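Colleague: Please see the structure below; I have some questions.
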Amino acid sequence: MSKNEHKSEVIGPRHMRSSPIVAAAAGLCRYSIAADTASAMQRSSPTRVRNLIGGEFVESQSDASIDVINPATQEVVSRVPLTTNEEFRAAVAAAKHAFPSWRNTPVTSRQRVMLKLQELIRRDIDKLALNITTEQGKTLKDAQGDVFRGLEVVEHACGMASLQMGEFVSNVAHGIDTYSVREPLGVCAGICPFNFPAMIPLWMFPVAVTSGNTFVLKPSEKDPVILIFHFEWSTFSGQDVVNNICDDEDIKAISFVGSNRAGMHIYGRAAAKGKRVQSNMGAKNHAVIMPDASPDATLNALVAAGFGAAGQRCMALSTAVFVGDSKPWVDELIERAKALKVSAGVEPGADLGPVISREAKERICRLIQSGVESGARLVLDGRNIVVPGYEDGNFVGPTIIADVKNNMECYEADSLDEAIKIVNQNKYGNGASIFTTSGVAARKFQNESKQARCSKNPKAPAHLPLPSPDSITSPSNPLVKHCVKLRLSSSYRRSHASALLVGLTPIREFTRFRDAAAEEECEPLIECLFVLDGSEALDDAARVVRVSPTVMKKLSGLQTTESVEAAAAVVRIPKSFRNVEETNDCSGWFRTLHRILVLDGIQDPGNLGTLLRSAMAFRWDGAFLLPGCCDPFNDKALRAARGASFQLRIVSGDWAHLDSLRNRFRMAMLAGHPDNGKGPKVARSLSLELASSLSEKPLCLVLGSEGGGLSAKSVRACELVSIPMAGEFESLNVSIAGGIFLFMLQPHRGRDS
261 MSKNEHKSEV IGPRHMRSSP IVAAAAGLCR YSIAADTASA MQRSSPTRVR
311 NLIGGEFVES QSDASIDVIN PATQEVVSRV PLTTNEEFRA AVAAAKHAFP
361 SWRNTPVTSR QRVMLKLQEL IRRDIDKLAL NITTEQGKTL KDAQGDVFRG
411 LEVVEHACGM ASLQMGEFVS NVAHGIDTYS VREPLGVCAG ICPFNFPAMI
461 PLWMFPVAVT SGNTFVLKPS EKDPVILIFH FEWSTFSGQD VVNNICDDED
511 IKAISFVGSN RAGMHIYGRA AAKGKRVQSN MGAKNHAVIM PDASPDATLN
561 ALVAAGFGAA GQRCMALSTA VFVGDSKPWV DELIERAKAL KVSAGVEPGA
611 DLGPVISREA KERICRLIQS GVESGARLVL DGRNIVVPGY EDGNFVGPTI
661 IADVKNNMEC YEADSLDEAI KIVNQNKYGN GASIFTTSGV AARKFQNESK
711 QARCSKNPKA PAHLPLPSPD SITSPSNPLV KHCVKLRLSS SYRRSHASAL
761 LVGLTPIREF TRFRDAAAEE ECEPLIECLF VLDGSEALDD AARVVRVSPT
811 VMKKLSGLQT TESVEAAAAV VRIPKSFRNV EETNDCSGWF RTLHRILVLD
861 GIQDPGNLGT LLRSAMAFRW DGAFLLPGCC DPFNDKALRA ARGASFQLRI
911 VSGDWAHLDS LRNRFRMAML AGHPDNGKGP KVARSLSLEL ASSLSEKPLC
961 LVLGSEGGGL SAKSVRACEL VSIPMAGEFE SLNVSIAGGI FLFMLQPHRG
1011 RDS
């Protein structure tokens, strides 16, 4: 019997920072919606939130607390205690204690809990929305949508009886049946952002709890009170709670939504403890506006997607790319943005409310000023807006910047190809939209855009919790496993005609060599580029995947990812490499045959790569690899070659193939050999006179391995040449000696190689 552990997963807004506050579920207690949350939040003195540990509400022993502030009025709504580590551990212990009985509760009973929860949410959705507006600032309409989108997942969890079904296959072998069972993990945890205080928690715990898990939930410190008022199973903790969640052995799985910095920290720390971690981080969305789009519908969608919820949502439209004749639409976009009403979320007709905090407002204003100082033109400035009756609010009105450069936040393009390139340069591969009436343009955009979610003519790609394929945080991801095999296995590389290139400098050198090569020699080769989240990507990679430091270590084999060299690329093995099997036609192996480097059993990948690099630098025509050589597309050989492996023609074969080449083109055969007086043949000294006498004659230079030297066949077939040494003989490393040979015997400088 195989057992597939089951854990709920959630994807949501991914650009908000972590907070120091936690809510913990000590098993499944009971649900109730507060009778009058609005009045509770409008008392003259702020409410101090109590903890729930072991089914009992208790006051935290901590003297420290965080103020929850209404962003429209600066009123302190409530105070959340920073619960001690001991209280946190007590809450986790309670959740652990509740797990055995809860996992054994029939799934139909667990479903009924969710049925009751969705009933209560529907009954009090207006009160919940008012609570969110008071804490977070969004309009009542947006707050209702926040609750409703979470409610959809609660309804989904009500069908857990079928969702949690396993699989059964009879008679897979004689007398053997197999089946799988989806089992709960234990205590799970969720870490949430501020921008959707109802939706994101409801994306996390209902599925996990209905699956039989117990749950520890950490809301944002900016707006946690909705969970306290509405779900009576909460307890709060302090500044160290994120690390405690990551480190606690009783917590088996974590879902995170928030900033890149916090997400990388949580993933790395928790994964090191063997936990399942789902870390959902930075996001940015693009829209491409084609000239054939419907102007009215497109502009309405841009305004709603760009300015709704004050831009504080993961699918907000932050970047618009106007193509060709659609550029004049910007003037109408400005007029529609000016018509939006900015006010407190509780005011009738408000289109957008305040941003969450003074710090958020200051950061937005700094970004606007940075664009202006970089040469952009500010055509609509929302920084100095004043809302009557709410003069102290954190309001930023709609803002539009024009005449921007392609390193800013919005752009113009002359063609769809250029627009797609701009979209694909975005390092936060989340969502992208195209506004067009052309099916051809829409299909091209869908096929060539590298964003995780693409859509046609929407406000922005709306989605239920689904994963983003261009951000990888798990070393067990199938693509990561494929790349590790490419790095470690020569046969796997050959069968897939691909290799893994490790290090940013070798990757840049590769692209430089590739760009200089003839088109028929070097087709576009970077299939996939892996970079650390937050790093800049090369412009011409077919696909950019952002990974955590843990994944980068797995991919690259590097001990640390702190170096700027931390990058990896899946590259196609070029057509210029041949593994020959026939000897009857060697004319197409090399473009010219004046100078060929032959490597005889070179096993060290660093030496082999350095020799290929030297051969490229001194304009040799190619390299022939005899048996015993390491794979030239080994990751260490690729790093040493710095791109030469992808332009220099390389042929792998045996002496029969090399004899065929030598006889057909009457090539001289020289072999580097130490002049130690112990060889079977006398070695000539390498000199300018020798090099000059061979300048017009085609030749092969054979270099032997580091330890064993030349093979017996090479010694018999070649004229031996040694490098004169001063005093007593001292051996040279093969890559150093090879560099000297390659330099001295390089093609004549006036010859077109």
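Numbered as in the working numbering, the sequence shown ends at 1013 without a single skipped number.
We put the beta carbon where it would ideally sit given N, CA and C, even for glycine.
Remember, predicted model here, so these are calculated numbers, not experimental data.
Taking DSSP's pairing of strands, which residues face Ala662 in a bridge?
Modeller: Arg637
Colleague: Measuring only the C-alpha atoms, how far is Ala610 from Leu600?
Modeller: 8 Å
Colleague: Spatial neighbours of Arg873 within its chain, please: CB distance less than 6 Å, with the 5 preceding and 5 following residues excluded, ordered by chain position.
Modeller: Ala901, Arg902, Ala904
Colleague: Taking 6 Å as the limit between beta carbons, can you name the residues of its chain near Asp437, skipping five residues before and five after?
Modeller: Ser430
Colleague: Pop quiz: Cys506 and Ala530 are said to be a contact at Cβ under 8 Å. What is the actual Cβ separation, rounded to whole angstroms?
Modeller: 4 Å
Colleague: Looking at chain B, is there any beta carbon in it that lies within less than 8 Å of the beta carbon of Gly419?
Modeller: Absent from the structure: chain B. Only one protein chain is present.
Colleague: Is Gln378 buried or exposed, if buried means 16 or more other CB atoms sit within 10 Å of its CB?
Modeller: buried
Colleague: Buried or exposed: Val318, going by 16 or more other Cβ atoms within 10 Å of its Cβ?
Modeller: Within 10 angstroms of the beta-carbon of Val318 lie fewer than 16 other beta-carbons, which makes it exposed.
Colleague: Could you please give me the residues that DSSP links to Met929 through a beta bridge?
Modeller: DSSP lists Cys960 as partners of Met929.
Colleague: Tell me the start and end of each unbroken alpha helix (DSSP H) in the segment 347-426 that is at least 4 residues and wholly inside, in chain order.
Modeller: 367-383, 385-396, 400-417, 420-423
Colleague: With a threshold of 7 Å on Cβ separation, who are the neighbours of Glu415 within its own chain once the five nearest residues in sequence on each side are excluded?
Modeller: Gln378
Colleague: Within 10 angstroms of the Cβ of Ser971, are there 16 or more other Cβ atoms? Answer buried if so, exposed if not.
Modeller: Buried, since its Cβ has 16 or more Cβ neighbours within 10 Å.
Colleague: According to DSSP, simplified to helix, strand and coil, what is Gln538?
Modeller: strand
Colleague: Between which two residues does the alpha helix (DSSP H) containing Ala972 stretch?
Modeller: For Ala972, the enclosing alpha helix (DSSP H) begins and ends at 972-977.
Colleague: Throw me the rounded Cβ distance for the Leu792 and Met812 pair, which I believe falls under 8 Å.
Modeller: Taking C-beta atoms under 8 Å as the contact rule, Leu792 and Met812 qualify, at a distance of about 6 Å.
Colleague: Give the straight-line distance between the Cα atoms of Glu443 and Gly472, rounded to the nearest whole angstrom.
Modeller: 8 Å
Colleague: Decide yes or no for the touch test of the segment 531-551 against the segment 505-519: beta carbon pairs closer than 8 Å, at least 3 of them.
Modeller: Contact between the segment 531-551 and the segment 505-519 is present, because at least three Cβ pairs lie under 8 Å.
Colleague: Determine, using beta-carbon pairs with one atom in the segment 344-357 and one in the segment 325-334, whether at least three such pairs fall under 8 Å.
Modeller: no
Colleague: Taking its Cβ as the centre, do 16 or more other Cβ atoms sit within 10 Å of Asp406, making it buried, or is it exposed?
Modeller: buried
Colleague: Along the chain, where does the beta strand (DSSP E) that runs through Leu857 open and close?
Modeller: 855-860
Colleague: What is the DSSP secondary structure of Gly450, reduced to helix, strand or coil?
Modeller: strand
Colleague: Is the number of C-beta pairs between the segment 575-588 and the segment 362-373 that are closer than 8 Å three or more?
Modeller: no
Colleague: What's the call for Ile645, buried or exposed, on a 16-neighbour Cβ count within 10 Å?
Modeller: exposed
Colleague: Under a three-way DSSP split, which group does His546 fall into?
Modeller: strand
Colleague: Which residue wins for smallest C-alpha separation from Glu316, given the options Arg383, Ala354, Arg926?
Modeller: Ala354
Colleague: Using the beta-carbon count (16 or more within 10 Å), is His933 buried or exposed?
Modeller: buried
Colleague: Taking only the alpha-carbon atoms, compute the straight-line gap between Gly998 and Gly969 and give it to the nearest angstrom.
Modeller: 13 Å
Colleague: If you compare alpha carbons, which of Arg618, Glu619, Asp641, Met1004 is closest to Gln248?
Modeller: The question about residue 248 has no answer here: the residues shown for the chain are numbered 261 through 1013.
Colleague: Less than 6 Å between C-beta atoms, sequence neighbours within five positions excluded: which residues of the same chain meet that for Tyr650?
Modeller: Correct list, in chain order: Ala332, Ala604.
Colleague: Alpha carbon to alpha carbon, how far is Ser709 from Gly967? Give it in angstroms, no decimals.
Modeller: Looking at the two C-alpha atoms, the distance is approximately 51 Å.
Colleague: Among Ser480, Phe454, Val447, whose alpha-carbon lies nearest the alpha-carbon of Phe465?
Modeller: Val447
Colleague: Alpha carbon to alpha carbon, how far is Met550 from Leu853? Give it in angstroms, no decimals.
Modeller: Leu853 and Met550 have their C-alpha atoms spaced approximately 52 Å apart.
Colleague: Counting pairs of beta carbons, one from the segment 552-568 and one from the segment 582-601, are three or more of them closer than 8 Å?
Modeller: yes
Colleague: Could you check if Thr820 is buried or exposed, using at least 16 other CB atoms within 10 Å of its CB as the buried criterion?
Modeller: exposed
Colleague: Are the beta-carbon atoms of Ala358 and Thr474 separated by less than 8 Å?
Modeller: yes
Colleague: Take the Cβ of Thr851 as the centre, count every other Cβ of all protein chains shown within 10 Å, and call the residue buried at 16 or more, exposed below.
Modeller: Rather than Thr, the amino acid found at residue 851 in this sequence is Arg. Under this definition Arg851 is an exposed residue.
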